[in-house]
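Enquirer:
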Amino acid sequence: MRLEAVGRRYGARGPWVLRGVDLDVPGGQVLRVEGANGSGKSTVLRILAGIDRPTTGRVSGRPRTAYVPERFPPALPFDAHGYLVHLGRVHGLGGRTAARRAERWLECFGIAGYARTPLAQLSKGTCQKVAVAQALVAEPELLVLDEAWTGLDEDARAVLDDAVRARSAAGGTVVFVDHDPRRLAADTTAAHRVQDARLVPVPPDAAGGPRVVIEATGGGVPPAGLAYEPAAPGTLQVTVPAAESDAVLRRLLAAAPPWHIRSVRPAQPPTEPA
Amino acid sequence: MTATLHYRTALLLRSFRWLPPLLLHLAVMAIGLAAGPRPLLDSLGWSAAALLPAAAWLVRVSVTAEPPAARACVAAATGPGRAHTAGVLAALLCSVVLGAVSTAVVVAVADPHTTDHLKAVPVVPAAAAGLLAALVTALLGTAVGALTNPPVLLRPGWAVPVTALTAVLVLVAAGSPANAAVTGLVTGSRTGVVPFPPAPLLLAAFAACGATWLAATLSGRRG
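Listed below in structure tokens is the structure:
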């Protein structure tokens, strides 16, 4: 997926919220979007999710998308299960698949007991779980999370973190905004900051920190977006910041066919000039 | 699109927000039909005319039925244009059902004679002509509703009075397909000839498609 020279403003004479944004979002990426309050983070997410259309520029190659808002008001005349089945079908699933997945996610979030409760009677947190489940039911290729963790309890946050890793391992893309700077820190493959209506790449924290070398063998294609050095035939070697090693290992193991990890070892620090 | 339409229709029906437009339609029908059995074609004309403002209001009710967060979830899945189109279509479906029921009620209670009570009016062709006119006004009411509500007119302070005014204008303006359809029935009631003009239906369908397309194109861009 790709944004080219994307600009957005609200109203014909409103100020530009975004201007000249170019962004490539390859599959398998977990992308963090940062920025001050009101800087336009949500607008970036809404354009990525296809909810807002850019005023200028173009967006191409958007895959099947699901979106989770920060607050999900319960003003809908459905029960939790009924709403999830409706949304699953809107996402293109058959009725049975939608019902099965709806039940599974309600169970994962520990709210299967509220499946037949009208949304209007659910607590704020439970409603937010339904909003997250709505996106996960779709098993989307692009998952956009606008502070989706807000209002969730610890267990539900962990479920969502795991779901993000599963989406990314399956080759899907996840774009998220969250107040907590440690959110998915080990899984994030890139970060961008919205500043003065522009999107600026944030260098990974771990760039100067320790790095590890991962050596793997296998016959398949290396996961997209992985900067690897081919060693012997059928082997590859990747040097990554230590903080990202778990995410890279997970992607190698989850590839189809999976890669076999031969070794993980600390990289030699670059030699100081004499 | 079918799934989205299904969702929007369920949303509209379960929200009970269709009740005020339905009451408006019933009130106008009651005013027209309360004074005992009236000539059939005349009553069908009145019933079709009463449907137009109700259809426009139903579009407003349907396209504003979701909180913005829920709308965003659906828009991400289908694109904002399709999500909006499904909302307008759900309203149109309800209007068509309402028009069909009203037509059936009028056929059941009205007097199947001309206005001067001298000539009998054939009931089945008259019912078909009534349905045709109801379809014309449902389509035009939908077009009016699509053009006078979000995402075209965002503020309720503008949208509501403009919807009401436009609905009345489309009914009374000479040359409007709704006016032609209703006038055809009223004239038919005097002459005893059941009218089946194809032009108003075509024009109304064209207007509804164009208005919905415009609103769908604007959704995701405005607001």
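Residue numbers (UniProt numbering), protein chains in the order written: chain H, 1 to 274; chain U, 1 to 223.
No residue lacks a Cβ here, since even glycine has one placed at the ideal position from N, Cα and C.
Predicted model, so just to flag it, every value in this text is computed and none were measured.
In the DSSP output, what is U:H113 paired with across the bridge?
Expert: As a first step, residue 113 of chain U must be located in the second sequence, where it is residue number 113. According to DSSP, which records beta bridges pairwise, U:H113 is partnered with U:A120.
Enquirer: Do U:C73 and U:L12 have their C-beta atoms within less than 9 Å of each other?
Expert: Here residue 73 of chain U refers to the residue found at position 73 when the second sequence is read from its first residue. Here residue 12 of chain U refers to the residue found at position 12 when the second sequence is read from its first residue. Their beta carbons are not under 9 Å apart, which means U:C73 does not touch U:L12 by this criterion.
Enquirer: Where does the unbroken beta strand (DSSP E) through H:Q237 begin, and where does it stop?
Expert: Residue 237 of chain H sits at position 237 when you count from the first residue of the first sequence. 235 to 241 is the extent of the beta strand (DSSP E) around H:Q237.
Enquirer: Does the contact criterion of 3 or more C-beta pairs under 8 Å hold for the stretch 109 to 125 of chain U versus the stretch 78 to 86 of chain U?
Expert: They do not touch, by the three-pair rule.
Enquirer: May I ask you to report which of helix, strand or coil DSSP gives H:A207?
Expert: Here the question's residue 207 of chain H lines up with position 207 in the first sequence. Unreliable placement is indicated for H:A207, whose pLDDT of 48 sits below 50; the coordinate value is still reported in the next sentence. DSSP places H:A207 in helix when its eight states are reduced to three.
Enquirer: Can you give the Cα-Cα distance for U:C209 and H:A227, rounded to whole angstroms?
Expert: Reading the second sequence from its first residue, position 209 is the one you call residue 209 of chain U. Reading the first sequence from its first residue, position 227 is the one you call residue 227 of chain H. The alpha-carbon atoms of U:C209 and H:A227 are separated by roughly 50 Å.
Enquirer: For U:V162, tell me which candidate among U:G175, U:A146, U:A174 has the shortest Cα-Cα distance.
Expert: Your numbering for residue 162 of chain U matches position 162 in the second sequence. For the residues U:G175, U:A146, U:A174, the minimum Cα distance to U:V162 belongs to U:A146.
Enquirer: With a threshold of 9 Å between beta carbons, is U:H6 in contact with chain H?
Expert: Within the second sequence, numbered from 1, the residue matching residue 6 of chain U stands at position 6. Judged by the 9 Å Cβ criterion, U:H6 is in contact with chain H.
Enquirer: Are the CB atoms of U:L51 and U:L185 within a distance shorter than 9 Å?
Expert: In the second sequence, counting from the first residue as 1, residue 185 of chain U sits at position 185. In the second sequence, counting from the first residue as 1, residue 51 of chain U sits at position 51. Cβ distance not < 9 Å, so U:L185 and U:L51 don't count as in contact.
Enquirer: Is there a C-beta anywhere in chain H that falls below 9 Å from the one on U:F206?
Expert: As a working mapping, residue 206 of chain U is identified with position 206 in the second sequence. Chain H contact via Cβ: absent.
Enquirer: Check H:P273 in the structure and name its three-state DSSP category.
Expert: On the first sequence, position 273 is the one that residue 273 of chain H refers to. A caution first: H:P273 carries a pLDDT of 48, below 50, which makes its placement in the model unreliable, though a value can still be read off. If DSSP states are grouped into helix, strand and coil, H:P273 belongs with coil.
Enquirer: Looking at U:G130: is its Cβ nearer than 9 Å to the Cβ of U:A48?
Expert: Within the second sequence, residue 130 of chain U is the residue found at index 130, counting from 1. Within the second sequence, residue 48 of chain U is the residue found at index 48, counting from 1. Using a Cβ distance threshold of 9 Å, U:G130 and U:A48 count as a contacting pair.
Enquirer: Assign U:A199 to buried or exposed, taking buried as 16 or more other Cβ atoms, counted over all protein chains shown, within 10 Å of its Cβ.
Expert: For the purposes of this step, residue 199 of chain U is taken as residue 199 along the second sequence, with counting starting at 1. U:A199 should be labelled exposed.
Enquirer: Any C-beta of chain H within less than 8 Å: which residues of the stretch 8 to 24 of chain U qualify?
Expert: A10, L11, R14, S15, F16
Enquirer: Does the beta-carbon distance from H:R265 to H:V221 come in below 9 Å?
Expert: What you label residue 265 of chain H is simply residue 265 of the first sequence in a count that begins at 1. What you label residue 221 of chain H is simply residue 221 of the first sequence in a count that begins at 1. The answer is no: Cβ separation not under 9 Å.
Enquirer: Looking at C-alpha atoms only, which residue of U:I31, U:V106, U:W213, U:P177 is the closest neighbour of U:L202?
Expert: Position 202 of the second sequence holds residue 202 of chain U. Nearest C-alpha to U:L202: U:P177.
Enquirer: Counting only Cβ-Cβ distances shorter than 7 Å, please list the residues of the stretch 67 to 87 of chain U near chain H, keeping chain order.
Expert: P67, A69, A70, A72, C73, V74, A75, A76, A77, T78, G79, P80
Enquirer: Quick one: is U:A90 near chain H, going by C-beta distance under 9 Å?
Expert: Indexing the second sequence from 1 puts residue 90 of chain U at position 90. So no, U:A90 is outside the interface.
Enquirer: Since U:R221 meets chain H, which of its residues come closer than 7 Å, beta carbon to beta carbon?
Expert: Stepping through the second sequence from its first residue, residue 221 of chain U is reached at position 221. Against U:R221, the close residues of chain H are R53, in the order they occur along the chain (beta-carbon pairs closer than 7 Å).
Enquirer: Which runs of the beta strand (DSSP E), 3 residues or longer, sit entirely within the stretch 167 to 204 of chain H?
Expert: If you keep only unbroken beta strand (DSSP E) runs of at least 3 residues inside the stretch 167 to 204 of chain H, you get 173 to 177, 190 to 195, 198 to 202.
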